[in-house]
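Let me begin by presenting the structure, written as structure tokens, before commenting on it.
Number of protein chains: 2
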Amino acid sequence: MTSTPLSRSEAKDLTRRKLIRAALAILDEEGEAGLSTVKVARAAGIAQSSFYVHFKDMQELLRVLAEEGGERLRSSMREARRRARESPGDLGLHRETFRIPLESICRHPELLRIQIRARHDPSSSLRDFASETAAAYREHHAADLAALGYTADNERDRRRLDMIADGINAATNALAMGHLEGRYPDLDEAADILTALSRGALRLLRSTSGATRPGDEPPARP
Amino acid sequence: MTSTPLSRSEAKDLTRRKLIRAALAILDEEGEAGLSTVKVARAAGIAQSSFYVHFKDMQELLRVLAEEGGERLRSSMREARRRARESPGDLGLHRETFRIPLESICRHPELLRIQIRARHDPSSSLRDFASETAAAYREHHAADLAALGYTADNERDRRRLDMIADGINAATNALAMGHLEGRYPDLDEAADILTALSRGALRLLRSTSGATRPGDEPPARP
DNA sequence: AATTTCACCGATAGTACTATCGGTGAAATT
DNA sequence: AATTTCACCGATAGTACTATCGGTGAAATT
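Protein chains in written order, with our numbering: chain U, 1 to 222; chain P, 1 to 222.
Encoded structure:
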């Protein structure tokens, strides 16, 4: 082992990173209820009281965690969008549209778990983060639908697009979690299912866009 | 006010119910982290120490809560199945299949919220309850699909049915939550979206059942 | 009527955690 | 070289909660 002479600020930054990493791990393994300055500090290898050198309180650490997580998720989605645009063909694009979010989730599953938990936990300090993330995903999806040629010009259609994005989103999360739990080993299969689900929804939009009330399935395109 | 002379056991049962109700309310409003014998007992109008007359500890109260919640959910689903069977016509049946679970959820939203939270919280004492409930929903849905004529006779098709049930399920929850949050005021619209999503998935099953790999969309029925 | 049972009470010991404070030594500055 | 800064430390007061214990009075039993 080569000794590394660290400056004071470098050393401080290092322990700060250690605290953040430790908190993320505990958050993922034991949930928000399992977090305490005692545990985080010990996991990072410092005294409990030294926790306060780096963060005002646990709340602030969680805020930082949310910001970093949000940044990671956003960049992951940007990357996804970029790759999807490069994908060849129309079917390919449609399928990539679904495989890529699945992959993004599987790359940082702890972020999704934490987010889902926070989204439904009224006592969570991460609720805002969770809501923003959910909204970002919805927008992401709305953009994808727009890219496929579906735009909403009245309130009902907008609400429908929202519901579809919401539903597909939830399904994406569910399949990703199932993949991580080992139930669905093949992500391509999952992407196929999502593609099929969305096809059904798009068919509905196509068949009744602007109409007053849906019948069964008139074939007309807008 | 007419005075009600209660026997000792009746009175005990009453406070027990009060404790359970109080716990459920706190669980819904503040999450599992907000639960404590202090709060529950106070909300039920008894001394903190009297909590232990009724339950060994908080863990046991949560177990009872999970059992009661499970029973409520199961009976809600039985009722749903019964009504769906009575529904006229094939399209009607398909749509009822989706509207009824939505209604069930909206009748007891706190149960879904608690379940979703527990399902993703590693520190929760309600995880088993949540897993069982999720599995029950999936079976419910698999049965619905079977009723519509989709049966799986190989591993890949079984996995697909699972994924579809999982995905539709997640979408159902998402739309129900959206309805409760006021974003989707009309449950029928939500049911239409779910119907459309599932149609897409069913079309996939139809077109590639038993085949080795899906192409785009051959029209053949099995 | 006498006795027993028991749901509930207040007090309290024990546990886990938060957040502050004064002290220390090595890094940084002068 | 002398002085200052500051990341980290141990100790500790304060907070919130759990779970037990002995006591009490009214209901239930004898």
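By construction, the Cβ of each residue, glycine as well, lies at the ideal position given by its N, Cα and C atoms.
Since we're looking at a predicted model, the values are computed, not measured.
Beta-carbon separation of P:R117 and U:R117 under 8 Å?
Cβ distance < 8 Å, so P:R117 and U:R117 count as in contact.
Give me the residue from U:G149, U:I105, U:G178 with the minimum Cα distance to U:Y137.
U:I105
Tell me which residues of the segment 171–199 of chain P have at least one Cβ-Cβ distance to chain U shorter than 9 Å, keeping chain order.
A171, T172, N173, A174, L175, M177, G178, R183, Y184, P185, D186, E189, A190, D192, I193, L194, T195, A196, L197, S198, R199
Integer-rounded CB distance, given that U:L24 should sit under 8 Å from U:L65:
Your pair U:L65 and U:L24 checks out as a contact, with CB atoms roughly 6 Å apart and the cut at 8 Å.
Can you give the Cα-Cα distance for U:H256 and U:H54, rounded to whole angstroms?
The structure shown does not extend to residue 256 of chain U, since chain U is modelled only from 1 through 222, so no value can be given for it.
For P:E96 versus P:R82, is the C-beta distance shorter than 8 Å?
no
Where do the N-terminal and C-terminal ends of the alpha helix (DSSP H) with U:S9 fall, by residue?
8–30
If we call anything under 8 Å between Cβ atoms a contact, is U:D223 one with U:S209?
Since the first and last residues shown for chain U are 1 and 222, residue 223 of chain U lies out of range.
Tell me the residue span of the alpha helix (DSSP H) that contains P:S76.
From DSSP, the alpha helix (DSSP H) with P:S76 extends over 58–86.
Taking 6 Å as the limit between beta carbons, can you name the residues of its chain near U:S198, skipping five residues before and five after?
The residues I168, in chain order, have a CB closer than 6 Å to that of U:S198 in the same chain once the five nearest residues on each side in sequence are set aside.
Is U:L27 closer than 8 Å to U:L14 when the C-beta atoms are compared?
no
Under 8 Å, with one C-beta from each stretch per pair, do the segment 186–206 of chain U and the segment 192–206 of chain P reach the 3-pair mark?
They touch, by the three-pair rule.
Residues, ordered as in the chain, of the segment 18–51 of chain P that lie near chain U by beta-carbon distance below 9 Å
D28, E29, E30, G31, E32, A33, G34
Nearest neighbour of P:E32, chosen from P:A47, P:S123, P:I20 [CA to CA]
P:S123
Name the residue from U:M77, U:L126, U:E86 whose alpha carbon lies nearest to the alpha carbon of U:L102.
U:M77
Buried versus exposed call for U:Y224 [16 or more other C-beta atoms within 10 Å across all chains shown]:
The displayed coordinates of chain U run from 1 to 222. Any statement about residue 224 of chain U would go beyond what the structure contains.
Cβ of U:D166 within 8 Å of any chain P Cβ:
yes
Would a check of beta-carbon distances place U:S209 closer than 8 Å to chain P?
With respect to chain P, the C-beta atom of U:S209 has no partner C-beta closer than 8 Å.
Considering Cα atoms alone, identify which of U:R21, U:A41, U:R63, U:S36 is closest to U:F129.
If we check each option's Cα against that of U:F129, U:R63 comes out closest.
Count the other C-beta atoms from every protein chain shown that fall within 10 angstroms of the C-beta of U:G45, then say buried if there are 16 or more, exposed otherwise.
U:G45 is exposed by the Cβ-count criterion.
Take U:A191 and list the residues in its own chain whose beta-carbon comes closer than 7 Å to its own, dropping the five residues that flank it on each side.
In the same chain as U:A191, and ignoring 5 residues on each side of it, the C-beta atoms closer than 7 Å to its own belong to R95, F98, R99, L102, in chain order.
Would you say P:H120 reaches chain U, if we count a Cβ-Cβ gap shorter than 8 Å as a contact?
yes
Short-range partners of chain U found in the segment 124–157 of chain P, where Cβ spacing is below 9 Å:
S124, R156
CB of U:A171 within 8 Å of CB of P:A170, strictly
yes
Test: P:R113 CB closer than 8 Å to a CB of chain U
yes
For the putative contact between P:E132 and P:G69, defined by C-beta atoms under 8 Å, what is the C-beta separation to the nearest angstrom?
With a beta-carbon spacing of about 10 Å, P:E132 and P:G69 fall beyond the 8 Å limit used to define contacts.
Quick check on DSSP: helix, strand or coil for U:R199?
helix
Indicate the three-state DSSP secondary structure (helix, strand or coil) for U:N173 in the structure shown.
helix
Any idea if P:R119 is buried or exposed, counting beta-carbon neighbours within 10 angstroms, 16 or more meaning buried?
buried
Against U:D162, what residues of chain P qualify as contacts under a CB-to-CB distance less than 9 Å, listed in chain order?
G178, R183, Y184
For P:A84, return the contacting residues in chain U, with the cut-off set at a CB-CB distance below 7 Å.
Going along chain U, no residue has its Cβ under 7 Å from P:A84, so there is no contact; the nearest lies around 19 Å.
Rounded C-alpha distance that separates P:D188 from U:I164:
14 Å
Which chain U residues are close to P:R14, counting only those with a beta carbon under 9 Å from its beta carbon?
Just to set this straight, residue 14 of chain P is Leu in the shown sequence, not Arg. Here the premise fails: no neighbours, minimum Cβ distance about 28 Å.
Do U:L161 and U:A147 have their CB atoms nearer than 8 Å?
no
Closest Cα partner of P:L180 within the set P:A22, P:E29, P:P109
P:P109
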